Amino acid sequence: MTLLNQKYTSVEDAIAMIPDGASIMVGGFGSPGTPFALLEELLAQGQKGLTLIKNDANEPEIGIGRLIRAGRVDRLITSHIGLNRVAIEEMNQGRLAVEMYPQGLLAEKIRCAGAGHLGFLTDIGLETEIAQQRRELELNGRKCAIEPAITADFALIHADVADTYGNLAYRGTAINFNPLMAMAADKVIAQAFRVETPGGLKPEAIHTPCAFVNHVVQVDPATIEQGIRAHAV
Amino acid sequence: MPSDQERMLARAAREILPGQIVNLGIGLPTRLFHYMPEDLEVLVHSENGVLGCQPLGQDAAPDYELIDSGGAYIGTRPGASVFDSALSFAMIRRSRVDVTFMGAFEVDEQGNLANWKIPGKFSPGIGGAMELAQKVEKLVVLCSHNDKHGNPKILKQCRLPLTAPRCVSLIVTEKAVMEVKEKGLEVIDIAEGMDVDSLRAATEAELIIDESRLGRF
Numbered sequence: 002m003t004l005l006n007q008k009y010t011s012v013e014d015a016i017a018m019i020p021d022g023a024s025i026m027v028g029g030f031g032s033p034g035t036p037f038a039l040l041e042e043l044l045a046q047g048q049k050g051l052t053l054i055k056n057d058a059n060e061p062e063i064g065i066g067r068l069i070r071a072g073r074v075d076r077l078i079t080s081h082i083g084l085n086r087v088a089i090e091e092m093n094q095g096r097l098a099v100e101m102y103p104q105g106l107l108a109e110k111i112r113c114a115g116a117g118h119l120g121f122l123t124d125i126g127l128e129t130e131i132a133q134q135r136r137e138l139e140l141n142g143r144k145c146a147i148e149p150a151i152t153a154d155f156a157l158i159h160a161d162v163a164d165t166y167g168n169l170a171y172r173g174t175a176i177n178f179n180p181l182m183a184m185a186a187d188k189v190i191a192q193a194f195r196v197e198t199p200g201g202l203k204p205e206a207i208h209t210p211c212a213f214v215n216h217v218v219q220v221d222p223a224t225i226e227q228g229i230r231a232h233a234v
Numbered sequence: 007m008p009s010d011q012e013r014m015l016a017r018a019a020r021e022i023l024p025g026q027i028v029n030l031g032i033g034l035p036t037r038l039f040h041y042m043p044e045d046l047e048v049l050v051h052s053e054n055g056v057l058g059c060q061p062l063g064q065d066a067a068p069d070y071e072l073i074d075s076g077g078a079y080i081g082t083r084p085g086a087s088v089f090d091s092a093l094s095f096a097m098i099r100r101s102r103v104d105v106t107f108m109g110a111f112e113v114d115e116q117g118n119l120a121n122w123k124i125p126g127k128f129s130p131g132i133g134g135a136m137e138l139a140q141k142v143e144k145l146v147v148l149c150s151h152n153d154k155h156g157n158p159k160i161l162k163q164c165r166l167p168l169t170a171p172r173c174v175s176l177i178v179t180e181k182a183v184m185e186v187k188e189k190g191l192e193v194i195d196i197a198e199g200m201d202v203d204s205l206r207a208a209t210e211a212e213l214i215i216d217e218s219r220l221g222r223f
């Protein structure tokens, strides 16, 4: 784990640690919670052959939508891409491999990895199409299916406030997948609108303790809000 | 004269009881906000991680970190909470959401629901629909009675991939309100100006109709 006094860094240095072919969890449900500044830097630095894990594909002009359009994503693990016609087209043309899960199962697969487990048992999706790809078993007389946990090389997280140790606090519906992914990935890079010195956040206000976070960067709310304003719905 | 959708929404809103936790699906169901009495004390759940959301007031500036699962900017009411996606779906899987409303491509006599995939044509992913359909005690489907080519959507047996088996409680279309019962689909209300024969003709499923008890909407 990164030492406490070495976590606060620049967006450029943090993203430079990501190699081609990396698997990356990306926070966000739609725009809120999407780490737009980190994704912009990833686009600028040019890493390719990426596997992304995100609830949705954003929209074509913003967030991971821009990485997909630039042909930098080979594989997407997600729950719903209905707001991104480009991602749907790339999937239909066979240029983007898409693996889809019901949203709560996707969240739980990530939560489970973050809790140090290998998977969990569920009755969600029995007798539906998704059951075909799973191993089923019986537990205490009830039928259930095995859902393996999902981990990743990196997570890109958006928080509202952080401290330089990497403690994080989220806001509104920008929480979504962020605290789950911050626990599930091997290396965690978090952006925040404000980065305080340690003690700046009250202990009970911290959602993700710094033990899970490797790097923290401060980003300008104005650049983020540009991305959020471009959101079309 | 209210439109078909307005009549459907007004009728569907009557299914929401004071004190309930309610989930409104993307699209038409989201408009139910505007059909609930203002003093109705309910908390609306949105699966992206909020309990107690409400439409943004006309002049209110949006908070860019506060949306519903359809992507619209929202406000929150007193008693609201926000949380992560795993917790949001724990709330659903533990059946703490009392009633959910969603659209449908097909519904059948057993209460099977298909609303997420048309193989080869439409497969954006299932989102939160599967868990809501499977675990919320009361699922109200709001959909047109027939597709745009006039084909019935209320079927003997769903043909498209299921969202969940045997999950629908009530179906509200512009033509009728149908309850899913052990013995089949029972029509409880029929649209003003609609007669029983035309309703049957527009429906593939077998309908149970007691004309003496039929309501109008």
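From first to last, the protein sequence lines are chains U and F. Going letter by letter, the first sequence gives residues 2 to 234 in our numbering. Going letter by letter, the second sequence gives residues 7 to 223 in our numbering. Where a beta carbon is used, it is the ideal one built from N, C-alpha and C, also for glycine. Every value quoted in this text rests on a predicted model; they were computed, and no experiment measured them.
query, result
"Met184 (chain F) - DSSP class collapsed to helix/strand/coil", "strand"
"Below-7 Å beta-carbon distance, Phe95 (chain F) vs any chain U residue", "yes"
"Span separating the alpha-carbon of Leu77 (chain U) from that of Arg96 (chain U)", "11 Å"
"CB contact below 7 Å: Ile82 (chain U) versus chain F", "yes"
"Among U:Thr3, U:Gln48, U:Leu5, the one whose alpha carbon lies nearest that of Ile25 (chain U)", "U:Gln48"
"Residue burial classification, Lys144 (chain U) (beta-carbon count within 10 angstroms, cutoff 16)", "exposed"
"7 Å Cβ cut-off: residues of chain F touching Asn177 (chain U)", "Asn54, Gly55, Asp90, Ser91"
"Reference Val48 (chain F); option with closest CA among F:Arg83, F:Glu12, F:Gly126", "F:Arg83"
"Cβ shell of Cys173 (chain F) (< 7 Å), same chain only, five flanking positions each side left out", "Gly117, Leu119, Ala139, Gln140, Leu145"
"7 Å Cβ cutoff, Gly72 (chain U) in contact with chain F", "no"
"Reference Val50 (chain F); option with closest CA among F:Glu217, F:Ile80, F:Gly190", "F:Ile80"
"Those residues which DSSP pairs with Lys188 (chain U) across a bridge", "U:Phe155"
"Residue interval of the beta strand (DSSP E) (run including Phe107 (chain F))", "105 to 108"
"Within chain F, the residues that Gly31 (chain U) reaches when beta carbons sit closer than 7 Å", "Ile73, Gly77"
"Stretch-stretch touch, CB-based, cutoff 8 Å, three pairs: the region 181 to 193 of chain F with the region 207 to 220 of chain F", "yes"
"Best match in U:Ala186, U:Val220, U:Tyr102, U:Asp187 for proximity to His159 (chain U) [C-alpha to C-alpha]", "U:Val220"
"In chain order, each beta strand (DSSP E) run of at least 3 residues that lies wholly inside the region 27 to 88 of chain F", "27 to 30, 49 to 52, 56 to 61, 80 to 88"
"Length of the line joining the Cα atoms of Ser9 (chain F) and Gln163 (chain F)", "29 Å"
"Spatial distance of Ala216 (chain U) from Glu205 (chain U) (CA atoms)", "Residue identity differs from the one stated: residue 216 (chain U) is His in this sequence, not Ala. Going by the C-alpha atoms only, they are around 21 Å apart."
"First through last residue of the alpha helix (DSSP H) which encompasses Gln48 (chain U)", "From DSSP, Gln48 (chain U) is part of no alpha helix (DSSP H); its letter is neither H nor E."
"Met182 (chain U) vs Phe213 (chain U) beta-carbon contact at 7 Å", "no"
"Residue from U:Ile207, U:His208, U:Lys188, U:Thr79 whose Cα sits closest to the Cα of Ala15 (chain U)", "U:Lys188"
"Candidates U:Gly83, U:Gly120, U:Gly50: closest to Lys127 (chain F) by CA position", "U:Gly83"
"Met2 (chain U) in three-state terms, based on DSSP", "coil"
"Of the residues U:Asn93, U:Gln104, U:Ser11, U:Thr152, the one placed nearest Ala23 (chain U), counting alpha carbons only", "U:Thr152"
"Proximity to Thr209 (chain U) [Cα-Cα], best of U:Asp57, U:Pro222, U:Val218, U:Tyr171", "U:Tyr171"
"Three-state class that DSSP yields for Val162 (chain U) in the structure shown", "strand"
"Spatial distance of Ala71 (chain U) from Ile89 (chain U) (CA atoms)", "15 Å"
"Three-state secondary structure assigned by DSSP to Ile124 (chain F)", "strand"
"Identity of the residues DSSP links to Gly144 (chain U) by a beta bridge", "Note on identity: in this sequence residue 144 (chain U) is Lys, with Gly being the wrong assignment. DSSP, once it has assigned bridges, lists U:Glu139 as partnering Lys144 (chain U)."
"Coarse secondary structure for Gln7 (chain U), derived from DSSP in three states", "helix"
"Residue-level contact to chain U via CB, Pro130 (chain F), 7 Å cutoff", "yes"
"Alpha carbon of Leu220 (chain F) to alpha carbon of Ala207 (chain F), nearest angstrom", "18 Å"
"Whole-angstrom distance between Gly200 (chain U) and Pro130 (chain F), CA atom to CA atom", "44 Å"
"Contact list for the region 209 to 225 of chain U against chain F, Cβ threshold 7 Å", "none"
"Short CB-CB distance (under 7 Å) between Met7 (chain F) and chain U", "no"
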